């Protein structure tokens with residue numbers, strides 16, 4: 001008998017010290033690079049977007065890969081790649097942590113719309129405030145000092 005799964009994860013991670021080192025004009029290069037990594041790992045990317053200092057992904061992660069391993073691999077690979085690209089000359093690295101939320105199939109389209117609207121969303125709300133709001137929305141306790 002075949003195995004089936006549907007594992008939706010909303011992953012969010014930011015740049016080191018939340019510095020705005022991902023220029024909007026070049027972010028698609030980074031997103032395509034991430035998509036390639038995910039495809040090679042047999043993960044399905046539903047949506048990617050972000051701001052100058054963070055990224056959101058909605059991804060179905062292959063069940064043989066731990067979420068933390070995938071995020072670590074993404075951050076290590078992209079960090080090396082970004083530092084080699086002249087378009088991202090100010091990139092210093094990714095922040096240590098990340099947030100990941102499981103979502104239901106019925107919420108998938110809403111999360112896609114949310115991620116798609118990141119550029120406009122952050123004209124009104126800074127990334128740190130969004131990050132805190134997401135943690136609160138999903139009932140995740142956090143220490144304010146750890147986010148600084």
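In the numbering used here, the protein residues as written are 1 to 148.
Positions of the beta carbon are idealized from the N, C-alpha and C atoms, including for glycine.
This structure is a prediction, so every number in the text was calculated from the model and none was measured.
In whole angstroms, what is the alpha-carbon distance linking residue 213 and residue 124? As shown, the chain starts at 1 and ends at 148. That puts residue 213 outside it, with no answer to give.
For residue 42, tell me which candidate among 56, 33, 65 has the shortest Cα-Cα distance. 65
My output table needs one value for residue 107: the three-state DSSP class, helix, strand or coil. helix
Going by alpha carbons, who is nearest to residue 79 out of 9, 14, 105? 14
Bridge-paired residues (DSSP) for residue 4: None; residue 4 has no bridge partner.
Can you check which of these residues, 21, 48, 19, 20, is closest to residue 33 by C-alpha distance? 48
Thinking residue 150 and residue 18 are a contact (beta carbons under 8 Å), I'd like their distance in whole angstroms, please. A question about residue 150 goes unanswered here, because the residues of the chain that appear run from 1 up to 148.
Pull up the distance between the alpha-carbon of residue 74 and that of residue 1, whole angstroms please. 32 Å
Give, in chain order, every unbroken run of the alpha helix (DSSP H) that is at least 4 residues long and sits entirely within the region 8–79. 27–40
Expressed to the nearest angstrom, what Euclidean distance is found between the alpha-carbon atoms of residue 115 and residue 56? 6 Å
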